[in-house]
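Per the numbering used here, the sequence shown starts with residue 2, numbered consecutively. Only one structure is covered here, and it is reproduced in the block below.
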Amino acid sequence: MTGSLRSRAVRWYALWLAVVFGVTGALVLMGFRHYLERTLAASQRTRALRIAGVTLRAFEAGDTDLRERMTVSFAPEATGRFIAVSDPAGRILYRSGPSQDQAFDPALILDPTSQLGPRKVLGAGAGELLVTTVESGSGSQRIRVATGDSMAPLRVEERRFLATLLIVFAVVGLVAIGGGYLLVDRALRPVGELTRSAEGITSRNLSERLPEPATVDEFAELSRALNRMIARLEEAFQHNRRFLDDASHELRTPLTVLRGELEALNRESLPGRFRDTVASLLDEVERLARLVENLFALSRLDAGRPTTEWRRLDLTQLAAVTAEQMRLLAEDRGLRLESDSPLQAIVRQGVWVEGDPSRLKQVIVNLLDNAFNYTPRGGKVCIAVRATPDEALLEVSDTGIGIPAEALSRVFDRFFRVDPSRNRSDGGSGIGLSIVKAICSAHRGRIEVLSIEGKGSNFLLHLPRIPESELQNPKGDGTSAS
Ligand code: ADP
Numbered sequence: 002m003t004g005s006l007r008s009r010a011v012r013w014y015a016l017w018l019a020v021v022f023g024v025t026g027a028l029v030l031m032g033f034r035h036y037l038e039r040t041l042a043a044s045q046r047t048r049a050l051r052i053a054g055v056t057l058r059a060f061e062a063g064d065t066d067l068r069e070r071m072t073v074s075f076a077p078e079a080t081g082r083f084i085a086v087s088d089p090a091g092r093i094l095y096r097s098g099p100s101q102d103q104a105f106d107p108a109l110i111l112d113p114t115s116q117l118g119p120r121k122v123l124g125a126g127a128g129e130l131l132v133t134t135v136e137s138g139s140g141s142q143r144i145r146v147a148t149g150d151s152m153a154p155l156r157v158e159e160r161r162f163l164a165t166l167l168i169v170f171a172v173v174g175l176v177a178i179g180g181g182y183l184l185v186d187r188a189l190r191p192v193g194e195l196t197r198s199a200e201g202i203t204s205r206n207l208s209e210r211l212p213e214p215a216t217v218d219e220f221a222e223l224s225r226a227l228n229r230m231i232a233r234l235e236e237a238f239q240h241n242r243r244f245l246d247d248a249s250h251e252l253r254t255p256l257t258v259l260r261g262e263l264e265a266l267n268r269e270s271l272p273g274r275f276r277d278t279v280a281s282l283l284d285e286v287e288r289l290a291r292l293v294e295n296l297f298a299l300s301r302l303d304a305g306r307p308t309t310e311w312r313r314l315d316l317t318q319l320a321a322v323t324a325e326q327m328r329l330l331a332e333d334r335g336l337r338l339e340s341d342s343p344l345q346a347i348v349r350q351g352v353w354v355e356g357d358p359s360r361l362k363q364v365i366v367n368l369l370d371n372a373f374n375y376t377p378r379g380g381k382v383c384i385a386v387r388a389t390p391d392e393a394l395l396e397v398s399d400t401g402i403g404i405p406a407e408a409l410s411r412v413f414d415r416f417f418r419v420d421p422s423r424n425r426s427d428g429g430s431g432i433g434l435s436i437v438k439a440i441c442s443a444h445r446g447r448i449e450v451l452s453i454e455g456k457g458s459n460f461l462l463h464l465p466r467i468p469e470s471e472l473q474n475p476k477g478d479g480t481s482a483s
């Protein structure tokens with residue numbers, strides 16, 4: 002069975018109810034049938050004794066033709082009943098005629114008095130008959146009297162009873178299933194609340210806990226167990242972050258010293274092969290320093306630490322200024338960078354968002370940096386800011402090598418690189434886009450990527466936009482975000 006626990010429980014309950022009703026119904030119906038037959042047999046026995054009395058009195062009066070007496074006293078043909086009188090040897094002294102309603106044919110009832118007590122006679126005409134036989138009289142006047150009735154009226158009663166039973170079971174069943182659904186729904190409500198609360202807990206808010214019901218039941222126990230698990234997770238996360246934080250912090254100082262020393266050495270007039278080695282060492286140290294900075298930034302973002310600055314800013318202008326600062330690098334790589342000039346951006350009304358300018362700037366730098374790294378000379382990189390009524394959109398596109406379709410979903414993963422052997426010397430470590438994603442989430446935004454291998458890539462950042470109505474008095478803040 003599939004579906005929610007709620008509907009599964011109700012379905013099982015309904016099935017169980019159907020089985021219980023089925024068994025109960027069958028037992029009650031059998032009991033009712035037995036009762037009807039017993040009652041009919043009892044009345045037949047009384048009638049048979051009365052018939053025997055009439056017969057014995059007729060014999061005493063010397064009257065051996067019983068037909069008239071029977072018709073006067075019992076009218077078996079008119080009432081649809083069967084009567085037979087015999088001697089103990091089974092010789093028939095009287096047998097009633099066919100009933101007027103043609104329910105059965107008495108001629109077909111063989112040896113009607115052969116068995117004392119009630120019995121069912123089958124195949125007698127159109128229907129089944131219940132025949133009860135008694136013995137009466139003494140000596141030579143000993144007789145057996147059988148009287149029977151068609152069982153058709155009993156069957157009609159049974160069908161009526163069955164119909165009533167079905168209606169009662171249907172009503173009771175529907176009420177019980179409805180009540181069962183409400184009960185299960187009520188009992189499972191805490192599960193829904195627990196699920197919603199648990200969904201809201203991510204690596205960013207591990208200090209939050211699930212609500213613990215005041216009751217002493219399984220849900221309260223589950224809630225407490227989950228909270229204990231979240232506490233253990235929080236501890237493990239904190240341990241990891243502290244390690245990353247400490248490690249990157251500790252690495253910064255020796256790297257700075259190393260860079261300083263290498264730069265000083267680079268300025269010396271060294272023999273050719275030493276100069277090359279020092280230059281290459283300097284490159285590696287730069288790369289390492291960038292990686293450490295990125296790890297440090299990621300660890301702070303993971304920890305959800307308060308940003309240094311949080312204010313309204315114009316994304317158009319931030320993009321224009323950052324692009325302008327990176328234009329030289331693009332030219333160095335033989336690339337054309339298209340963007341709004343800072344002046345155009347100021348003249349335009351702007352697209353305002355709320356956030357940390359230095360972090361949003363890091364997003365733009367990382368995206369442009371990637372576009373420069375993965376676009377061959379002669380290519381084009383564009384940066385543009387647009388707005389929808391609710392969102393500010395920042396788009397960075399390039400005509401570079403693109404990303405294979407199967408790698409698209411993983412480019413935001415930490416340390417993921419499409420081709421790890423490619424571009425290693427340029428400092429790529431597979432961490433830039435995970436920083437971009439973490440900053441986006443911290444700004445309640447999201448980022449998506451479209452790319453065609455060999456044609457280029459397009460990164461689109463969505464951020465919540467400050468509505469025009471709230472911008473009546475921007476107070477000049479956010480004009481410079483560089
Ligand atoms: P990296 O430091 O290696 O650039 P990122 O996290 O910034 O790390 O990017 C992850 C991977 O995504 C890169 O290694 C690269 O393979 C791919 N990628 C990112 N941006 C682009 C782009 N504009 N064009 C092609 N590939 C890209």
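Glycine included, each C-beta is placed from N, C-alpha and C at the ideal position.
What is the DSSP secondary structure of Ala-85, reduced to helix, strand or coil?
As a position in the sequence shown, residue 85 is number 84, starting the count at 1. Looking at Ala-85 - three-state DSSP - the assignment turns out to be strand.
Looking at Ala-393: is its Cβ nearer than 8 Å to the Cβ of Val-354?
Within the sequence shown, numbered from 1, the residue matching residue 393 stands at position 392. Within the sequence shown, numbered from 1, the residue matching residue 354 stands at position 353. Closer than 8 Å, so yes.
How about Leu-289: is its Cβ closer than 7 Å to a heavy atom in ligand 1?
The count along the sequence shown starts at 1 and reaches residue 289 at position 288. It does not: the Cβ of Leu-289 is nowhere closer than 7 Å to a heavy atom of ligand 1.
Between Thr-72, Asp-88, Val-146 and Asp-150, which lies nearest to Asp-102 when the distance is taken from Cα to Cα?
Locating residue 102 in the sequence shown gives position 101, where the first residue counts as 1. Per the Cα distances, Asp-150.
Once the 5 residues before and after Ser-452 are set aside, which same chain residues still bring their CB inside 7 Å of it?
Counting from one through the sequence shown, the residue named residue 452 turns up at place 451. Excluding positions up to five away in sequence, the list reads Gly-403, Ile-404, Leu-409, Ser-458 and Asn-459.
Whether Arg-447 touches Gly-305 by CB criterion (8 Å):
Working through the sequence shown from its first residue, we reach residue 447 at position 446. Working through the sequence shown from its first residue, we reach residue 305 at position 304. Against a cut-off of 8 Å, the Cβ pair of Gly-305 and Arg-447 comes out as no contact.
State yes or no: is the C-beta of Val-419 nearer than 7 Å to some heavy atom of ligand 3?
In the structure on display, ligand 3 does not appear, and the ligands it does have are ligand 1.
What ranges does the alpha helix (DSSP H) occupy inside the region 286 to 328, keeping only unbroken runs of at least 4 residues that lie completely in it?
none
How long is the line joining the alpha carbons of Leu-227 and Glu-200, rounded to whole angstroms?
Your numbering for residue 227 matches position 226 in the sequence shown. Your numbering for residue 200 matches position 199 in the sequence shown. Going from the Cα of Leu-227 to the Cα of Glu-200 covers about 12 Å.
Note down the Cα distance separating Ala-443 from Trp-13, rounded to an integer number of angstroms.
Counting from one through the sequence shown, the residue named residue 443 turns up at place 442. Counting from one through the sequence shown, the residue named residue 13 turns up at place 12. Taking the straight line from one Cα to the other gives about 46 Å.
Tell me whether Pro-465 sits in a helix, a strand or coil according to DSSP, three-state version.
One-based indexing of the sequence shown puts residue 465 at position 464. Pro-465 falls in the strand class under three-state DSSP.
Can you grab the Cα-Cα spacing for the pair Ala-15 / Leu-189, in whole Å?
For the purposes of this step, residue 15 is identified with residue 14 of the sequence shown, where counting begins at 1. For the purposes of this step, residue 189 is identified with residue 188 of the sequence shown, where counting begins at 1. The straight-line gap from Cα to Cα measures roughly 18 Å.
Within 8 Å, do at least three Cβ pairs link the region 341 to 350 to the region 320 to 332?
yes
Separation of Asp-246 from Thr-254, as counted between CA atoms
Along the sequence shown, one-based indexing puts residue 254 at 253. Along the sequence shown, one-based indexing puts residue 246 at 245. Taking the straight line joining both Cα atoms gives about 13 Å.
Rounding to the nearest angstrom, what Cα-Cα distance links Arg-378 and Arg-334 in this structure?
The residue labelled residue 378 in the question sits at position 377 within the sequence shown. The residue labelled residue 334 in the question sits at position 333 within the sequence shown. Distance between the alpha carbons of Arg-378 and Arg-334: 6 Å.
As assigned by DSSP and simplified to three states, the class of Asp-370
Against the sequence shown, residue 370 aligns to sequence position 369. Asp-370: helix per DSSP, three-state reduction.
Ala-147 bridges to which residues according to DSSP?
Walking along the sequence shown from the start, residue 147 turns up at place 146. DSSP lists Ala-85 and Thr-134 as partners of Ala-147.
For Leu-434, verify whether its CB is less than 7 Å away from any heavy atom of ligand 1.
Along the sequence shown, read from residue 1 onward, the residue named residue 434 stands at position 433. Leu-434: yes, Cβ under 7 Å from ligand 1.
Are Gly-431 and Phe-417 touching if we call contact CB-CB under 8 Å?
What you label residue 431 is simply residue 430 of the sequence shown in a count that begins at 1. What you label residue 417 is simply residue 416 of the sequence shown in a count that begins at 1. It is a contact, given that the beta carbons lie within the stated cut-off.
Is it right to say Met-2 is buried, meaning 16 or more other beta carbons lie within 10 angstroms of its own, or is it exposed?
Reading the sequence shown from its first residue, position 1 is the one you call residue 2. The pLDDT assigned to Met-2 is 49, lower than 50, so where the model puts this residue is not dependable; a value taken from the coordinates is nonetheless given after this. With fewer than 16 other Cβ atoms within 10 Å, it is exposed.
Going by CA-CA distance only, name the one from Ala-42, Ser-139 and Leu-223 that's closest to Asp-88.
Sequence index remark: in the sequence shown, residue 88 carries index 87 (1-based). If we check each option's Cα against that of Asp-88, Ser-139 comes out closest.
The beta strand (DSSP E) enclosing Ala-393, as first and last residue numbers:
Residue mapping note: residue 393 aligns to position 392 of the sequence shown, counting from 1. 392 to 399 is the extent of the beta strand (DSSP E) around Ala-393.
Go ahead and pull the three-state DSSP assignment for Leu-271.
Residue numbering aside, residue 271 sits at position 270 when the sequence shown is read from its first letter. If DSSP states are grouped into helix, strand and coil, Leu-271 belongs with coil.
Neighbour-count burial assignment, Arg-425, 16 or more Cβ in a 10 Å radius:
Reading the sequence shown from its first residue, position 424 is the one you call residue 425. Here the model assigns Arg-425 a pLDDT of 46, short of 50, so the residue's position is not dependable, and the following value carries that caveat. Arg-425 is exposed by the Cβ-count criterion.
Coarse secondary structure for Gly-181, derived from DSSP in three states:
As a first step, residue 181 must be located in the sequence shown, where it is residue number 180. Three-state result, Gly-181: helix.
Using three-state DSSP, classify Lys-381 as helix, strand or coil.
In the sequence shown, residue 381 corresponds to position 380, counting from 1. Strand at Lys-381.
Helix, strand or coil for Val-173, going by three-state DSSP, please let me know.
Locating residue 173 in the sequence shown gives position 172, where the first residue counts as 1. Looking at Val-173 - three-state DSSP - the assignment turns out to be helix.
By how many angstroms is the C-alpha of Ala-237 removed from the C-alpha of Leu-207?
Here residue 207 refers to the residue found at position 206 of the sequence shown. Here residue 237 refers to the residue found at position 236 of the sequence shown. Taking C-alpha positions only, Leu-207 is separated from Ala-237 by approximately 11 Å.
Are the beta-carbon atoms belonging to Thr-65 and Ala-85 less than 8 Å from one another?
The residue you call residue 65 lines up with position 64 of the sequence shown. The residue you call residue 85 lines up with position 84 of the sequence shown. No, Cβ-Cβ distance for Thr-65 and Ala-85 is not below 8 Å.
Cβ neighbour criterion (16 or more within 10 Å) applied to Met-152:
Counted from its first residue, the sequence shown places residue 152 at position 151. Flag for Met-152 reads buried.
Who are the near neighbours of Phe-220 in its chain, counting only those whose CB is closer than 8 Å to its CB and skipping five residues on each side?
On the sequence shown, residue 220 is found 219 positions in, with the first residue counted as 1. Closer than 8 Å at the Cβ level, and outside the excluded window around Phe-220, lie Pro-191, Val-192, Leu-195 and Pro-214.
Taking all protein chains shown into account, decide if Tyr-36 is buried (16 or more other Cβ within 10 angstroms of its Cβ) or exposed.
One-based indexing of the sequence shown puts residue 36 at position 35. By the neighbour-count rule (16 or more Cβ atoms within 10 Å), Tyr-36 is not buried but exposed.
Of the listed residues Leu-117, Ser-74, Leu-67 and Ala-232, nearest to Arg-96 (C-alpha basis):
What you label residue 96 is simply residue 95 of the sequence shown in a count that begins at 1. The shortest C-alpha separation from Arg-96 is found at Leu-67.
Out of Leu-316, Phe-373 and Glu-310, which one is the CA nearest neighbour of Leu-336?
On the sequence shown, position 335 is the one that residue 336 refers to. Looking at Leu-316, Phe-373 and Glu-310, the one whose alpha-carbon comes closest to that of Leu-336 is Phe-373.
Put Ala-221 into one of helix, strand or coil per three-state DSSP.
Along the sequence shown, one-based indexing puts residue 221 at 220. Looking at Ala-221 - three-state DSSP - the assignment turns out to be helix.
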